[in-house]
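Number 626 in UniProt numbering belongs to position 626 of the sequence shown; there are no gaps in the numbering.
The beta-carbon is built from N, C-alpha and C at its ideal position, and this holds for glycine as well.
Every value quoted in this text rests on a predicted model; they were computed, and no experiment measured them.
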Amino acid sequence: MCVLYRSQLHDNCLPDLNHCKNILGADCHQNLTTCECLPAAVYFEHEHQHRCIKYADTLYESCEPFTEQCSFIFGAFCSPMNSTCICDASDYFQNPDYPNCAQYLTELHESCLPNTNQCKNIFGSVCDEVLATCECEKTEYVEHPNITICVPYRYQLHDNCLPDLNHCKNIPGSDCHQELKTCECLPPRVYFEHETENRCLKYADRLYELCEPFTEQCAYVFGAFCSPANSSCICDPGDYFQNPDYPNCAHYLSELHESCLPFTDQCKNIFGSVCDEVLATCECEETVYVEHPNITICVPYRYQLHDNCLPDLNHCKNIPGSDCHPDLNTCECLPEDTYFEQVSSRTCLRFTETLYDPCVPGTIQCDKIPGSICTDSNSTCICDPQIFFQNPTGLECVPYRANLHDTCIPNTEQCVKLFGATCSLLSETCECSPMDYVEHPDQPVCLLFSDVLYAPCQPGSEQCSKITGSICNVANSTCICDSETFFQNPDSLDCVPYTANLFDPCIPNTHQCSKILGSVCSILSKTCECNPEDYVLHPDQPVCLPYVESLYAPCQPDSEQCGKIRGSTCLAENLTCTCNSEHFQDPEALRCVPFLENLHDPCIPNTEQCRNIYGAECNSTTSSCECTIDFFLWDFECFLKPTALYENDTCFSTEHCHLVEGSECEELQCTCGEGWLPAEDLSKCLKVPEDVSDSPCESQIQCDHLNNTECDGVKCSCIEDYTENLASDGCLQIVYRLNEDCEEDSQCLAGIGNGSSCTESKSSCLPELVEGDDGTKCLPVKYIYQLIKLGSLISLKLYVKFCFIADQYRWRM
């Protein structure tokens with residue numbers, strides 16, 4: 001018998017039949033034979049609701065609050081906040097390395113999870129990362145030696161402490177006193193307690209250590225105290241100074257010859273003394289003081305002439321040029337042949353020995369050098385410029401010369417007092433300077449070269465020779481241009497030579513080029529060039545050729561001699577001016593006409609004037625350049641009319657494609673439009689037939705979209721053994737036998753004949769007809785009746801069908 005599956009807990013059930021399968025989490029208890037939450041280690045029954053709940057396996061699983069769903073996860077409960085299993089925060093926390101709960105610890109040295117707060121319930125402890133046990137936090141706590149608790153480090157002097165545990169380490173400079181068991185400043189020779197503040201200070205070890213003013217912090221640094229200015233230990237400036245070699249203080253001294261520290265001011269309290277670097281004793285400062293011969297004191301050197309002095313002690317050494325006079329016992333200028341006294345300044349001056357030594361103007365300091373004086377401008381000894389000059393080969397003064405042709409020292413100024421003269425290197429005599437002067441033809445004087453036309457000159461002299469192309473005119477004693485080969489520049493006072501060759505430099509607007517046939521001075525290039533109005537340059541020679549004025553006149557090949565005849569060039573074959581390649585001769589005039597470059601430009605009919613315009617010729621009606629019959633005009637250009645499909649850049653509108661049957665212009669190409677296909681030779685477009693009944697064609701591609709058709713050259717026809725379908729969009733295979741697969745009646749009619757049809761995708765006879773014995777025809781009942789009536793033999797199968805149809809349609813014989 002059939003037993004219903006159970007739908008409620010505690011219903012009776014049949015074990016081993018999965019009888020409780022419709023109760024989620026339940027199974028039939030083997031002993032109780034009731035539906036219970038099983039297995040017990042996986043499911044439990046809800047306390048208030050009649051259903052089973054699955055125990056959670058891991059933390060953060062979904063759960064139902066206030067149930068025991070999380071009880072199998074150590075330390076977890078179901079949170080009412082987010083209905084997931086989480087660790088009970090009062091005694092547990094989540095293990096960061098595994099998805100489980102770990103319990104907070106209560107005793108030091110218990111094993112713990114590093115980098116967690118598992119030890120937080122043990123005062124002052126953390127989980128040691130190395131030992132993985134709860135230990136006292138090292139920076140703030142120390143473990144008690146007798147009790148397993150953490151004791152905080154001390155922060156106040158005189159607090160109770162535990163010796164030998166570094167219990168006072170957080171109080172700088174302190175330690176736990178072994179007897180007092182309180183935090184005190186220790187050790188005593190290193191630290192002391194601040195007088196007013198409850199803290200320890202460290203005694204300074206050396207100078208310039210930081211310290212606190214008004215404390216004894218510098219007491220162990222000899223001679224030092226704590227400076228209030230910079231809070232560092234420095235030497236007491238009244239009696240001490242810092243030893244530069246060691247970080248300590250040294251005493252100032254009070255007696256000459258006492259031992260001292262070199263490079264220090266330890267001797268400063270002894271007048272005029274310093275610490276001698278070699279002797280390392282206090283001695284008189286050598287540059288300013290000398291020791292008295294009879295008393296151990298320092299006496300200052302003298303600084304004024306005629307002051308009293310001590311002989312034999314170099315007592316006057318700070319007065320340059322002086323010494324202590326042995327008889328007068330005063331500072332005087334000595335020796336007298338080397339020094340003299342300048343009375344105005346009470347100083348000693350040394351006689352100079354060579355030219356250009358420094359001197360004091362207005363004194364006799366240069367008197368030892370013959371011919372020299374002390375100049376006021378730069379205070380040096382120089383030759384007296386009125387009558388002497390310095391010999392460049394030695395530091396001596398030489399007298400100037402007074403007459404031309406006197407002997408002189410070359411490369412000196414010895415002839416400078418003679419106008420225009422210089423010392424000749426060849427003759428070593430004073431002669432006129434050849435650069436700027438010439439000697440008078442009759443007198444021993446120098447004449448200055450004239451530097452401009454019409455300046456005065458001395459006839460018979462070379463005074464005008466510095467002016468190119470000029471001579472001295474005897475008539476008026478002035479410099480003028482030599483008229484045979486020069487002319488005067490109209491814009492300046494200089495002589496200009498006539499040019500002899502083309503391209504030589506010249507002065508514009510002058511007749512400087514007049515000696516060269518056909519040339520003028522170009523304003524632009526400032527050279528002699530062929531006159532552009534009437535002449536042209538020979539291509540191979542620097543000569544000017546006249547322009548030719550008519551076609552076929554003689555000319556020089558490769559020249560511009562035909563330049564006045566527009567469009568012509570000099571033809572090398574016959575040396576005459578002929579129309580160039582860009583022109584042709586007007587058939588009705590002796591002129592060159594240019595080939596045209598633009599449509600619609602006026603032209604001469606029956607010429608090739610438009611040949612440079614692609615697709616154009618000169619229209620005899622309009623006498624302008626127009627497109628020929630094989631081209632069309634578009635945007636002022638002629639384009640060849642396209643005769644094939646898909647030629648790039650051949651059309652701009654559909655009318656341009658009229659030579660390609662059935663095409664239209666798209667993207668600058670003649671392409672076949674909708675309902676047309678390209679012919680194989682791309683010469684035209686072929687119309688795509690819409691159906692088999694209306695399907696003229698030339699190519700098979702026109703029939704490809706009509707299934708099972710072929711192009712016979714006239715139209716699309718069904719291929720052999722196929723007939724046109726009802727939609728006329730293709731052909732279907734002819735069915736020749738009954739009970740074969742078909743789609744439409746036409747398949748059956750074409751093969752089996754009248755009376756057949758396609759019924760339920762099979763060829764069959766119409767209901768009132770009978771299938772022939774061979775299965776290829778449908779026979780009318782009347783026909784069979786005639787056979788029977790005539791006594792013809794028919795098959796039993798055919799006879800049965802005849803009887804059935806006759807009865808069904810109540811056919812009467």
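message = Which residue wins for smallest C-alpha separation from Phe66, given the options Pro300, Thr296, His46, Glu667?
response = His46
query = Is Cys521 near Ile507, with beta carbons less than 8 Å apart?
reply = Result yes, Cβ atoms of Cys521 and Ile507 sit closer than 8 Å.
ask   = Can you tell me whether Ile725 is buried or exposed, with buried defined as 16 or more other CB within 10 angstroms of its CB?
value = Position check: residue 725 holds Asn in this sequence, whereas Ile was assumed. By the neighbour-count rule (16 or more Cβ atoms within 10 Å), Asn725 is buried.
message = Using DSSP's beta-bridge definition, name the partner residues of Glu637.
response = Trp634
ask   = Once you ignore the five residues that flank Asn330 on each side, which residues in its own chain have a CB closer than 7 Å to its CB?
value = Inspection of the sequence shows that residue 330 is occupied by Thr rather than by Asn. Cβ within range, chain order: His306, Asp307, Asn308, Cys309.
task = Sort Leu404, His158, Val714 by Cα distance to Glu179 and report the nearest one.
result = Among Leu404, His158, Val714, the Cα nearest to that of Glu179 belongs to His158.
key: C-alpha distance - Val190 paired with Glu184, whole-angstrom precision   = 12 Å
inquiry  = Assuming the contact rule is C-beta atoms closer than 8 Å, Phe241 and Asp265 should be a hit. Round their C-beta distance to whole Å, please.
reply    = A Cβ-Cβ distance of about 7 Å is found for the pair Phe241 and Asp265, placing them in contact under the 8 Å criterion.
message = Could you check whether the Cβ of Cys697 sits closer than 7 Å to any heavy atom belonging to the ligand ATP?
response = Among the ligands in the structure shown, none appear at all, so the ligand ATP cannot be discussed.
task = Have a look at Phe263, Pro293, Asp57 and flag the residue whose alpha-carbon is nearest the alpha-carbon of Ala280.
result = For the residues Phe263, Pro293, Asp57, the minimum Cα distance to Ala280 belongs to Phe263.
query = With C-beta atoms as the reference, is Ala727 less than 8 Å away from Ser683?
reply = no
Opening and closing residue of the beta strand (DSSP E) in which residue 835 lies = Look at the range of the chain in this structure, 1 to 813, and you will see that residue 835 is not part of it.
request  = Compare the Cα-Cα distances from Tyr303 to each of Thr296, Pro320, Gly223, Ser764 and report the closest residue.
outcome  = Pro320
request  = Taking Cys101 and Ala76 to be in contact with their CB atoms under 8 Å, please state how far apart those CB atoms are, rounded to whole angstroms.
outcome  = 5 Å
message = I need the straight-line Cα distance from Leu165 to Phe222, nearest angstrom please.
response = One alpha carbon belongs to Leu165, the other to Phe222, and they sit about 36 Å apart.
query = Taking the DSSP output, what are the residues bridged to Ala224?
reply = In DSSP, Ala224 forms a bridge with Cys235.
request  = Can you give me the Cβ contacts of Ser470 inside the same chain, cut-off strictly under 7 Å, excluding the 5 residues immediately before and after it?
outcome  = Leu453, Cys464, Cys479, Ile480, Cys481, Asp482, Cys495
ask   = Do Pro370 and Cys408 have their C-beta atoms closer together than 8 Å?
value = no
Proximity below 8 Å, CB of residue 828 to CB of Phe340 = Coverage of the chain is limited to positions 1 through 813, which leaves residue 828 absent and any answer about it impossible.
key: Cα-Cα separation between Arg812 and Lys782, rounded to whole angstroms   = Note that Arg812 scores 47 on pLDDT, short of 50, meaning its location in the model is unreliable and no value can be drawn from it.
key: Terminal residues of the alpha helix (DSSP H) in which Asn749 lies   = Before going on, a small fix: residue 749 reads as Leu here, not Asn. 745–751 is the extent of the alpha helix (DSSP H) around Leu749.
request  = Tell whether a beta-carbon distance below 8 Å holds between Ala553 and Cys577.
outcome  = yes
Local conformation of Gln414 per DSSP, three classes = coil
query = Rounded to a whole number of angstroms, what is the C-alpha to C-alpha distance between Pro152 and Glu195?
reply = 27 Å
task = Please confirm whether Cys218 and Cys233 have their CB atoms less than 8 Å apart.
result = yes
inquiry  = I'd like to know whether the C-beta atoms of Leu668 and Thr654 end up nearer to each other than 8 Å.
reply    = no
key: Those runs of the beta strand (DSSP E) which lie wholly inside the segment 517–585 and span at least 3 residues   = 519–521, 528–530, 535–537, 544–546, 568–571, 576–579, 583–585
inquiry  = Can you find the residues in the same chain that come closer than 7 Å, C-beta to C-beta, to Thr723, ignoring five residues on each side of it along the sequence?
reply    = Cys731, Leu732, Ile734, Ser746, Gln747, Ala750
key: Gly662 burial status per 10 Å Cβ neighbour count (16 or more: buried)   = buried
message = For a test of the three-state rule: what should DSSP assign to Lys782, helix, strand or coil?
response = helix
request  = Below 8 Å CB to CB, which residues in the same chain sit around Lys466 once its five sequence neighbours on both sides are set aside?
outcome  = Phe449, Ser450, Asp451
task = Drop a sphere of 10 angstroms on the beta-carbon of Val714, count the other beta-carbons inside from all chains shown, and report buried for 16 or more, exposed for fewer.
result = exposed
query = Which partner residues of Cys134 appear in the DSSP bridge assignment?
reply = Cys127
ask   = Under the three-state reduction of DSSP, which class applies to Cys610: helix, strand or coil?
value = coil
task = Use the C-beta contact count for Cys2: other C-beta atoms within 10 angstroms, 16 or more gives buried, fewer gives exposed.
result = exposed
inquiry  = In whole angstroms, give me the CA-to-CA distance for Asp16 and Phe44.
reply    = 20 Å
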